[in-house]
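See below for the structure under consideration.
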Amino acid sequence: MDRAYEGNETRQLALDLGFIPVVPPLKTRLEPWEYDREMYKRRNEVERLFRRLKGYRRIFSRFEKLDVMFVGFISFALIADGLRLC
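Take the sequence shown: its position 59, counted from the start at 1, is 59 in full-length UniProt numbering, and no numbers get skipped.
Spelled out as structure tokens, the structure:
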């Protein structure tokens with residue numbers, strides 16, 4: 001969810017599903033809501049992680065037929081990514 005989806009209906013759906021929406025309200029909104037600014041900043045880290053994972057064609061194309069193999073390769077990719085960042 002980002003500012004493009006900051007409407008009341010989308011926000012309420014996220015709350016009903018048990019998610020914590022951290023989308024800031026538009027500046028033109030008459031009744032803005034409070035949001036966790038720190039969590040909103042950290043959201044970018046998660047988005048960058050997904051972008052890096054998509055660099056592994058095997059994950060992006062889902063070559064693995066078995067879920068356990070797919071999750072195993074995601075674990076491998078996360079370890080390789082973590083070692084690259086060190």
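Note that the Cβ used here is the ideal one computed from N, Cα and C, for glycine as well.
### Query
Quick one, which of 47, 40, 56 and 65 has its alpha-carbon nearest residue 77's?
If we check each option's Cα against that of residue 77, 56 comes out closest.
### Query
What did DSSP end up calling residue 73 once you bin it into helix, strand or coil?
It is helical.
### Task
Determine the extent of the alpha helix (DSSP H) in which residue 95 is found, giving its start and end residues.
Summary: the structure shown does not reach residue 95, with the chain confined to residues 1 through 86, and so no result is reported for it.
### Exposure label - residue 32; buried when at least 16 CB within 10 Å
By the 10 Å Cβ count, residue 32 comes out exposed.
### Task
Report all residues from its chain with a CB closer than 7 Å to the CB of residue 60; omit the five preceding and five following residues, and keep chain order.
Excluding sequence neighbours, residue 60 sits near 54.
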